[in-house]
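Asker: In my numbering, the protein residues as written are 257 to 387.
Virtual Cβ for every residue (Gly too), placed ideally from N, Cα, C.
Okay, here's the structure, questions in a sec.
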């Protein structure tokens, strides 16, 4: 796994899940269906904290945060299990402090409904004619 920072999507796993969600969202698919598909398509990642954090972020950004996913993410942060995983991967003390701060700010952010969610716009169909 590549990690380049302590933010929610600053690693390969989270970035992949986040991108997968928005690839479908940008095609006009409803967020609830996307979430169901993302979960079904990523059974190997389903136990990953990064998976749930990225999915929660994508849902929040689209105004569709599932309460069960919020609770799961909040439990991950409050239990500090993500910090323990980072510690097991030999993260520096400085990075552990930054990660914990990022996680706490993330929970505070998604605890409040997004006032400006991203809008799901169905792609326009071309209207040209072939004579």
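Please list, in chain order, all residues of the same chain as residue 359 whose beta carbon is under 6 Å from its beta carbon, the five residues on each side excluded.
Answerer: 333, listed in sequence order.
Asker: Report the residue from 295, 303 and 339 whose alpha carbon sits nearest the alpha carbon of residue 227.
Answerer: Any answer about residue 227 is impossible in this case: the structure gives the chain only from 257 up to 387.
Asker: Going by alpha carbons, who is nearest to residue 293 out of 324, 278, 304 and 305?
Answerer: Out of 324, 278, 304 and 305, 278 has the C-alpha closest to the C-alpha of residue 293.
Asker: So which of 374, 259 and 285 has the shortest CA-CA distance to residue 319?
Answerer: Of the listed residues, the one whose Cα sits closest to residue 319 is 374.
Asker: Might you give, ordered along the chain, the residues of its own chain that have their beta carbon closer than 8 Å to the beta carbon of residue 273, omitting 5 neighbours on each side?
Answerer: Hits under 8 Å: 294, 298, 301, 306, 307, 310, 311 and 314.
Asker: Identify whether residue 262 lies in helix, strand or coil by the three-state DSSP scheme.
Answerer: Residue state, collapsed to three classes: coil.
Asker: Does residue 267 come out as helix, strand or coil in the three-state DSSP assignment?
Answerer: In this structure, residue 267 counts as strand in the three-state DSSP scheme.
Asker: What did DSSP end up calling residue 283 once you bin it into helix, strand or coil?
Answerer: The answer is coil: DSSP assigns residue 283 none of H, G, I, E or B.
Asker: Quick check on residue 373: does DSSP put it in helix, strand or coil?
Answerer: Correct three-state label for residue 373: coil.
Asker: Helix, strand or coil for residue 357? Go by DSSP, reduced to three states.
Answerer: Helix, per DSSP.
Asker: Short of 8 Å in beta carbon distance, which residues of its chain neighbour residue 366, apart from the five on each side in sequence? Order them along the chain.
Answerer: Cβ neighbours of residue 366 beyond the five flanking positions: 312, 313, 316, 321, 326 and 329.
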